[in-house]
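In what follows, a structure is listed as structure tokens, so that the remarks can point back to it.
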Amino acid sequence: MSLTAQAQPGAPALLDTLIDKLKLKNDAELARAFEVAPPVISKIRHRKLPFGDSMILKAHEKFNFAVADIRAGLAGKAQ
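In our numbering, the protein residues as written are 6 to 84.
Structure follows, in structure tokens:
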């Protein structure tokens, strides 16, 4: 079960980490990489929408990020 958006203090930093690791320029490119609309990334960044299970699964399957690392990042713990 996903955490609520408010319970994901590390979401903005996780998005920055994903942008860096995927060598992207900005949130718009991250949205394209995850095949979501740009407002979805914006809402996650501003903690109005959780980085949900489907996003975690996509990060794992498409980009080979470890689920445990993603969840730790969302909780605000070092990745």
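No residue lacks a Cβ here, since even glycine has one placed at the ideal position from N, Cα and C.
Assuming residue i contacts residue j (C-beta within less than 8 Å), just tell me the rounded distance between them.
i: Leu23; j: Ala73; result: Not confirmed; about 15 Å, so no contact.
i: Gly15; j: Gly57; result: Between Gly57 and Gly15 the Cβ distance is about 15 Å, and since that is not below 8 Å, they are no contact.
Going along the chain, which residues of its own chain have a beta-carbon closer than 7 Å to the beta-carbon of residue i, five neighbours each way excluded?
i: Pro89; result: As shown, the chain starts at 6 and ends at 84. That puts residue 89 outside it, with no answer to give.
i: Ala36; result: Ala42, Pro43, Val45 and Ile46
How should residue i be labelled, buried or exposed, when 16 other C-beta atoms within 10 angstroms of its C-beta is the threshold for buried?
i: Asp32; result: buried
i: Gln13; result: buried
i: Leu62; result: exposed
i: Ala71; result: exposed
Using the Cα positions of residue i and residue j, report the straight-line distance between them to the nearest angstrom.
i: Asp25; j: Lys67; result: 16 Å
i: Arg52; j: Leu19; result: 12 Å
i: Ala77; j: Leu27; result: 18 Å
i: Glu40; j: Pro55; result: 16 Å
i: Glu34; j: Asp21; result: 12 Å
Could you spell out the range, first to last residue, of the alpha helix (DSSP H) harbouring residue i?
i: Lys63; result: Asp58 to Phe68
i: Leu19; result: Ala16 to Lys26
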